[in-house]
Amino acid sequence: MSFQVSSTQKQTLDRILSESVSSKATPAVFFGATNVEGPIYMHTEGTSLVDDLSSGVIDEDTVFWFCSQTKLITTIAALQLVEQGKIALDTPVETILPELANPVIVTEKDEAGRIKTTTPAKEKITFGQLLNHTSGLDYQVDAASRKRTGSVGAAGLGVVYIHHYKEGEGASKFFELLKGPHPGIPLGFEPGTNFAYGFSSDCAGFIVERISGKSLEQYFQENIFAPLGIKSMSFSLRPELEKRLLPLTFRHNDRSLEQWKGPDVVEQDRTHVTVNLGGAGLYGSQKDYLTILRHLLQIKAGTANNPILSRTMVDNMFTPSLPVAGANTISAMINMFQPSLGFPSGSAQFGYGLSLHSEAGSPAPSARFSEPSASHRPEASRGLDKGRQRGDARISEERVASAGRLANGRLASPPLASRRLNAVSVSTRRMFQENGEMGLVIVSFLLSLRGGWANTTYFVDPTAGVAAVFGTQLVPTGDRMFDAKMDELERALYVEL
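Per full-length UniProt numbering, the sequence shown starts with residue 1, numbered consecutively.
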């Protein structure tokens with residue numbers, strides 16, 4: 001039987017969302033869930049402008065700035081090219097993006113976090129490393145490359161995102177800003193040796209453009225959005241999208257909310273959008289985003305009509321790919337910001353495009369990127385074999401961190417369901433009742449979730465056959481009250497499973 005939402009659950013979800021807005025825990029919100037067949041719950045709450053009834057209520061067609069939700073769609077496009085044999089995971093990206101040739105490894109920073117010294121990288125960045133964030137391209141690699149003055153709400157955003165690109169400025173300007181005064185693009189570590197959330201998806205998007213000969217906008221429209229009947233998504237705020245855009249809201253330190261009064265965080269004038277950023281640039285409705293998540297569920301279930309990726313490729317999105325150091329890094333990051341979760345070292349993983357989590361007591365699987373089946377695999381898929389040999393596409397079982405070995409699948413720390421670190425969402429899910437105490441089942445490398453800088457989050461759970469998205473437009477990023485509401489929603493969604 002497919003995952004369903006009962007009338008009682010619906011009432012609970014409605015109440016949570018209503019209270020979220022009325023209590024000022026969040027500004028206007030969207031929450032939707034889907035099973036393989038179609039939407040099972042969708043609800044919006046609140047007005048476009050906080051405390052302004054005249055601004056009108058939001059609805060299912062309201063447009064959001066997706067921020068890092070863009071990354072999943074860029075990954076889908078990238079995997080389409082791998083499936084078509086136009087690039088392999090082990091392809092050195094400098095052959096397509098010469099701007100990434102001869103990167104440097106940061107060896108020392110000053111007290112403010114600015115780069116002091118570097119050394120030439122020994123390894124080349126590969127395409128696969130852009131998809132699982134092991135390239136070394138890191139949002140936090142250099143304090144000088146992040147927004148540190150001016151608008152408080154924009155703090156932490158890379159200057160490559162905030163820069164208003166002029167006519168004629170394309171990827172070359174992006175890389176000029178990323179490189180700064182250094183002898184090469186700065187990396188946090190040798191490619192392939194660790195995990196860092198950063199600019200990898202933007203670079204993957206530029207590769208899609210150069211291989212396809214199309215802008216990322218055009219490629220997405222033709223190869224992802226049109227096949228799925230999606231009309232709201234774009235890097236450019238066309239007039240019909242702009243009038244439905246949910247504005248940003250700002251939360252003060254006293255937790256109060258007010259309409260964002262600063263300048264546009266990113267360029268919104270469609271006539272001036274000259275660079276399509278595959279890591280942060282898309283706009284669209286969360287209803288349409290849910291369509292993409294449902295399509296992934298359908299591909300996993302073998303029920304998709306005209307799938308945009310093969311099941312083998314989608315399986316690889318849900319397959320762990322990080323070395324032990326990378327798994328330890330992402331787990332440590334989670335515990336640093338959310339210590340109550342008490343994640344064991346290495347218990348979080350990352351696939352090709354999605355963060356992943358393991359099941360208590362299950363053996364750590366081999367992080368293998370499988371070849372497409374013969375019916376989906378062109379001759380050029382030989383690159384996948386090379387990738388496995390190099391370690392870009394396969395991490396052997398003994399190198400995958402032991403994950404989630406918790407007695408009876410229960411967390412010793414307080415059971416909190418959902419947490420985000422910047423744009424990376426990490427969660428344990430599928431609540432269960434045992435002896436009157438709420439526990440958490442950790443789903444075995446089949447649950448993934450991510451989110452966006454303006455406080456949006458989503459997850460895909462192929463095991464239970466459900467996906468969901470929860471979003472607002474709120475800064476600063478990583479809002480704890482938003483997190484708490486996502487916890488409540490997850491509990492209510494899974495309570496009858």
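Built from N, CA and C at the ideal position, the CB exists for glycine as well.
Please report how far the alpha carbon of L248 lies from the alpha carbon of L474, in whole angstroms.
Going by the C-alpha atoms only, they are around 6 Å apart.
N- and C-terminal bounds of the alpha helix (DSSP H) containing V208
S200 to S212 is the span of the alpha helix (DSSP H), which, as asked, contains V208.
If you drop the 5 nearest sequence neighbours on each side, which residues of the same chain put their C-beta closer than 6 Å to that of E108?
For E108, where only same-chain residues beyond five positions count, the Cβ hits under 6 Å are K116 and T117.
Please say whether V160 and F199 have beta carbons closer to each other than 8 Å?
Taking a C-beta distance under 8 Å as the contact criterion, F199 and V160 qualify as a contact pair.
Cut-off 7 Å between Cβ atoms - residues of its own chain near A143, not counting five sequence neighbours on either side
Closer than 7 Å at Cβ, skipping near neighbours: A112, G113 and R114.
Q80 - containing alpha helix (DSSP H), residue span
T70 to E83 is the span of the alpha helix (DSSP H), which, as asked, contains Q80.
Alpha carbons only, please: which of I58, H43, M42 and Y41 is nearest the one belonging to L49?
Among I58, H43, M42 and Y41, the Cα nearest to that of L49 is on I58.
With DSSP run on the structure shown, which of helix, strand or coil describes M42?
It is a strand residue.
Are the Cβ atoms of S234 and G284 separated by less than 8 Å?
In contact: S234 and G284 (Cβ atoms closer than 8 Å).
Through-space distance from N316 to R394, alpha-carbon basis:
Low confidence applies here, because R394 scores a pLDDT of 33, under 50, leaving its location unreliable and the question unanswered by this model.
Taking just the CA atoms, how far does S201 sit from S68?
Their backbone Cα atoms lie some 9 Å apart in a straight line.
Looking only at its chain, what residues have a beta carbon closer than 8 Å to the beta carbon of G229, apart from the 5 residues adjacent to it on each side?
Cβ neighbours of G229 beyond the five flanking positions: T291.
Output the boundary residues of the alpha helix (DSSP H) element that contains R311.
For R311, the uninterrupted alpha helix (DSSP H) segment begins and ends at R311 to M317.
Euclidean distance between Cα positions of A327 and H133:
Their backbone Cα atoms lie some 11 Å apart in a straight line.
Contact criterion: CB-CB distance below 8 Å. Does G262 meet it with respect to chain C?
Any reference to chain C falls outside this structure, which holds one protein chain only.
DSSP three-state call for S18: helix, strand or coil?
Secondary structure at S18: helix, using DSSP grouped into helix, strand and coil.
Would you kindly work out how many angstroms separate the C-alpha atoms of R311 and K300, rounded to a whole number?
Answer to the nearest angstrom: the Cα atoms are 6 Å apart.
Would you call the region 17-24 and the region 452-467 in contact, with 3 or more CB pairs under 8 Å?
With the cut-off at 8 Å, the region 17-24 and the region 452-467 do not touch.
L297, buried or exposed, once every other Cβ within 10 Å from all chains shown has been counted against 16:
The C-beta of L297 has 16 or more other C-beta atoms within 10 Å across all chains shown, which makes the residue buried.
Pick helix, strand or coil for T8, following the three-state DSSP scheme.
Here T8 sits in helix by DSSP.
In three-state terms, what does DSSP make of D59?
Secondary structure of D59 (DSSP, three-state): coil.
Between the CA atoms of I162 and I185 - distance to the nearest angstrom
Near 18 Å, if we compare the C-alpha coordinates of I162 and I185.
Reducing DSSP to helix, strand and coil, say where A492 ends up.
A492: helix per DSSP, three-state reduction.
8 Å Cβ shell around H295 - same chain, five flanking residues per side excluded
So the qualifying residues of the chain are L228, A304, P307 and I308.
In the DSSP assignment, find the beta strand (DSSP E) that holds A468 and state where it starts and stops.
Start and end: V466 to G471.
For P183, which residues in the same chain have their Cβ closer than 6 Å to its Cβ, ignoring the five residues on either side in sequence?
Excluding positions up to five away in sequence, the list reads V104.
Buried or exposed for E240, please, with buried defined as at least 16 other CB atoms from any protein chain shown within 10 angstroms of its CB.
Here E240 is exposed: its Cβ has fewer than 16 other Cβ atoms, across all protein chains shown, within 10 Å.
On the premise that G471 lies in contact with Q286, defined as a C-beta separation below 8 Å, what is that separation, rounded to the nearest angstrom?
About 5 Å separates the CB atoms of Q286 and G471; that is less than 8 Å, so the two are in contact.
Measuring straight from C-alpha to C-alpha, what distance separates K147 and S172?
At K147, the pLDDT of 49 sits below 50, so the modelled position is not reliable and the matter cannot be decided from this model.
C-beta atoms of G353 and N276 nearer than 8 Å:
No, they are not a contact pair.
Using only alpha-carbon positions, find the residue among R244, D288 and A77 that is nearest to S215.
Taking only the C-alpha atoms, the option nearest S215 is A77.
Exposure of S7, with buried meaning 16 or more beta-carbon neighbours within 10 Å:
Residue environment analysis places S7 among the exposed positions, since fewer than 16 neighbouring C-beta atoms fall within 10 angstroms of its C-beta.
State the DSSP-derived secondary structure class of I299, mapped to helix, strand or coil.
Looking at I299 - three-state DSSP - the assignment turns out to be helix.
Output the boundary residues of the beta strand (DSSP E) element that contains P120.
Element bounds for P120: I115 to P120.
P323 burial status per 10 Å Cβ neighbour count (16 or more: buried):
Result: buried.
In angstroms, rounded to a whole number, what distance separates the CA positions of R244 and I40?
For R244 and I40, the gap between their C-alpha atoms comes out near 24 Å.
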